[in-house]
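First the structure, in the form of structure tokens, and then the observations on it.
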Amino acid sequence: MSVNDHRIPLASNTELFEIKPGNNNKSATFIFGNEDHTLGNSLRYVLSQRNEVDFVGYSVPHPYEPKLNIRLQTKENYTAVNVLKDGLKDLEETANILDDVFIQSIKDYYRIT
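Residue numbers (the working numbering): 11 to 123.
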């Protein structure tokens with residue numbers, strides 16, 4: 011049983027995505043509604059591998075509060091919003107590759123047995 015099985019439903023006024031800008035366009039906190047450590051840790055890792063990133067971290071304020079906070083600070087000449095978009099694209103590509111490899115492995119397994 012996962013944390014997701016025990017979530018309190020989102021209130022009708024809860025945002026699914028929100029941006030809290032930092033002091034400039036190089037930093038921001040991105041709040042994802044109805045998300046948890048699954049996206050948080052994956053996205054944090056993908057963003058941390060990018061050269062444009064000075065700092066990235068994430069937090070889930072409380073297990074029963076379905077929110078994920080991603081704090082992102084970028085280097086000069088990069089905006090936090092654009093780097094987040096690129097990171098999400100990278101994560102999607104990785105997930106698609108993982109999905110393809112998993113499906114192929116299942117097919118290979120049943121072909122052998």
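Every residue gets a Cβ at the ideal spot worked out from N, C-alpha and C, and that includes glycine.
Closest option to Leu-98, judged by alpha-carbon separation, among Leu-78, Ser-52, Val-70: Ser-52.
Check the Cα spacing between Asn-79 and each of Phe-42, Asn-61, Asn-34, Asn-92: the tightest is with Phe-42.
From the listed residues Asp-109, His-47, Glu-86, the smallest Cα separation to Asp-64 is found for Glu-86. DSSP places Lys-77 in no alpha helix (DSSP H) but in the uninterrupted beta strand (DSSP E) bounded by 77-84. Per the C-alpha coordinates, the member of Ile-122, Leu-101, Phe-112 positioned closest to Ser-58 is Leu-101.
Annotated as proximal: Arg-60 and Val-93, with beta-carbon spacing under 8 Å. Inter-segment contact for the segment 66-80 and the segment 110-122 is absent: fewer than three beta-carbon pairs are separated by less than 8 Å. Your pair Asn-35 and Thr-123 does not check out as a contact, with CB atoms roughly 55 Å apart and the cut at 8 Å.
In the DSSP annotation of this structure, the continuous segment of the beta strand (DSSP E) that includes Lys-30 starts and ends at 27-31.
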